[in-house]
Each structure stands twice: as C-alpha cells, then as structure tokens.
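FYI, the numbering for the sequence shown is 1 to 274, going by our numbering.
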Amino acid sequence: MIRPRAVADGVVAFPTRTPTLPPATHTQSYALGTRRVLLVEPATPYADEQRAFVEWARGLGAEIVALVLTHHHVDHVGGAEVLSRELGAPIWAHRETAARLPELAIARHLEDGESIGLGEQRWQVLHTPGHAAGHVCLFEAELGAVIVGDMVASEGTILIEPSDGDMAEYLRQLRRLAALGARVALPAHGDPIADPSQLFAFYVAHRLAREEKIVAALEAAGAAGSTDLFVVPSAYADTPRAAWPLALLSVRAHLVKLVAEGRVRTDGDKYWMS
Ligand SMILES: [Zn+2]
C-alpha cells in the first residue's frame with residue numbers, strides 16, 4: 001500500500017491497518033489543507049501504525065487544527081486518544097458520535113452545514129446519518145472532493161445495522177451526496193472514486209433491489225408470515241452463506257424501513273405484507 005498518497009489538490013491519503021470488515025484491511029485517513037490541516041479518521045488502534053501516522057503527520061510541517069471523526073465505529077476511532085495526545089490536536093465530531101464515545105474528549109461538535117476554512121479550502125460539514133447516527137461527510141466545492149467515510153466504499157461493503165443504522169435515512173443521505181455533483185469521493189476503505197454520483201445512485205438502486213427481494217419473500221410466505229431469519233436464504237440466494245449473519249442485520253434494517261412505510265406489518269417476531 002502506497003502511503004502517503006496525494007488524492008486531490010491539497011488532500012493526502014494515509015491508510016493504516018485497522019480491525020475492519022474483510023476484505024478491507026485498512027482505513028484511509030486524509031490530511032485536508034496544506035499549512036493548516038484537518039486529519040480525518042484517526043483510525044488505527046495498533047502502536048506501530050500509530051507511530052507511522054504520527055511521523056507522517058509531523059512531517060507535513062503544518063499546524064494540525066484537529067482530528068475529525070466521521071463516525072464512532074471502532075475501525076475509525078481506534079487511534080483518536082493516542083494521536084490526539086501525541087500530536088497535541090483536539091478531536092472534532094458530530095454530537096451523536098460524541099455521545100457514543102463517552103471516554104473520548106470531543107472538543108467541538110460538528111454541525112450540518114457549517115464550513116471549516118483551511119487556507120484556500122473550505123470544507124462543508126454534511127451530517128449524513130444512516131450507517132451511523134453521527135456520521136459526517138466533508139465537501140470542498142472548488143475541489144469537487146467529498147470525504148465520505150463509510151457511506152460508500154470502493155473495497156468491501158457497507159453494513160447498515162438496525163441497532164444504530166437507519167436504512168431509510170441512509171438512502172436519503174446517499175441521494176443527497178449524489179446531488180452534490182462531486183468529481184471525486186474519498187472513502188474510508190479503498191481507492192478514490194471518480195465521478196461518484198453514479199456510484200451513490202447505484203448504491204441506492206442496489207439496496208432497493210434487495211428490499212424488493214425481501215418483499216417477494218414475504219409475499220411468498222403469505223398469511224403464514226415469515227421471521228427475519230427465514231427471509232435471508234431467498235433474499236440473499238446470490239450471496240455466500242458465510243455472509244448471511246451480516247445479511248440478517250441488513251434484512252432487519254430493511255424490515256424496520258418497510259414497517260415504518262406501512263408496507264409490512266409485524267408482531268415483533270413475524271412479518272407480513274400489509
Ligand atoms: Zn462504520
């Protein structure tokens with residue numbers, strides 16, 4: 001893995017090894033700006049990778065304004081405390097992220113729509129819940145670059161868990177990202193994505209196609225109804241069985257959405273078409 005790597009004008013990627021969802025093995029951190037920089041995703045919990053990150057960050061020869069968390073998941077925040085201390089930089093995150101990390105000192109709550117000036121660059125904060133309640137993206141209109149965290153990935157898949165995720169909100173926020181007309185998306189996992197609006201739209205279409213398979217399974221079950229577990233084999237027939245435990249979480253997230261929309265009803269255990 002090449003690091004550091006310039007991925008846009010005044011934006012550098014620095015991937016570090018993290019305990020993330022296979023096949024991904026790393027999380028991309030990004031330095032935004034040149035003389036004053038934000039470091040997004042202080043991700044790695046491993047001491048050797050943290051040392052490499054600190055060496056790289058110091059070598060930028062810039063004022064490190066803050067470490068930014070896109071969201072609270074373990075493969076995004078594992079280095080936050082150590083890197084904040086070593087680099088003498090505060091941690092910024094959305095308040096919903098801060099609420100999920102009570103052990104971390106979050107110095108500033110990022111708000112949807114606010115803009116952070118870094119020399120020539122102005123990064124707009126977008127609160128994009130769905131994958132995680134406090135998820136934020138950062139968009140620089142001149143560069144046409146958007147930091148997308150775990151909204152999409154060019155390596156591996158994005159999991160929407162019913163416990164903290166929200167499928168309806170996730171799809172809404174993907175459509176919002178597509179409307180930005182960005183020239184490049186910089187995800188936490190994998191390479192930069194050129195002309196990402198198509199990919200955002202593809203993610204929406206893919207999720208909705210999966211949702212229709214869940215609907216078809218419930219229609220087939222008829223008056224007997226079906227549990228979430230029994231929907232998985234037909235809705236995910238194209239997916240290796242090893243992935244079915246994760247697929248079950250995704251099914252649950254879709255069922256929450258379908259119930260909220262009134263298309264499906266439930267007694268808390270079984271599900272029927274309305
Ligand atoms: Zn995540």
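Built from N, CA and C at the ideal position, the CB exists for glycine as well. In this text the structure is predicted, and so the values were computed from the model without any measurement.
Suppose the cutoff is 6 Å on Cβ atoms and the five residues either side in sequence are ignored; what does the same chain contact list for residue i look like?
i	result
Phe200	Leu174, Leu177, Ala178
Cys167	What sits at residue 167 in the sequence shown is Met, not Cys. Within the same chain, Met167 has close Cβ partners Ile160, Ala253, His254, Lys257.
Is residue i near ligand 1 - that is, is its Cβ less than 8 Å away from at least one heavy atom of it?
i	result
Gly190	no
Gly225	no
Asp195	no
Asp150	yes
Ala132	yes
His71	yes
Identify the continuous alpha helix (DSSP H) that holds residue i and give its terminal residues.
i	result
Ser197	197 to 221
Ala235	228 to 235
Since residue i is in the beta strand (DSSP E), which residue starts that stretch and which ends it?
i	result
Val152	No beta strand (DSSP E) holds Val152; DSSP gives it neither H nor E.
Pro187	184 to 187
Ala132	Per DSSP, Ala132 belongs to no beta strand (DSSP E) and is neither H nor E.
Ala93	91 to 93
Arg108	106 to 109
In the DSSP output, what is residue i paired with across the bridge?
i	result
Gly117	Arg122
Tyr170	Paired residues: none, contrary to the question.
Ile193	Ala185
Ile147	Leu138, Leu186
Ala13	Arg5, Tyr30
Ile158	Ile158 is not bridged to any residue.
CB of residue i to nearest heavy atom of ligand 3: below 8 Å?
i	result
His76	Within the structure as shown, ligand 3 is missing, the only ligands being ligand 1.
Give every residue of the same chain whose Cβ lies closer than 7 Å to the Cβ of residue i, excluding the five residues on either side of it in the sequence, and list them in chain order.
i	result
His94	His109, Leu110, His127, Gly134, Val136
- Query: Which whole runs of the beta strand (DSSP E) in the stretch 17 to 89 are 3 residues long or more, in chain order?
  - Reply: Runs found: 26 to 32, 36 to 40, 63 to 68.
- Task: Any chance you could list the alpha helix (DSSP H) runs of at least 4 consecutive residues sitting entirely within the stretch 238 to 266, in chain order?
- Result: Correct list: 244 to 260.
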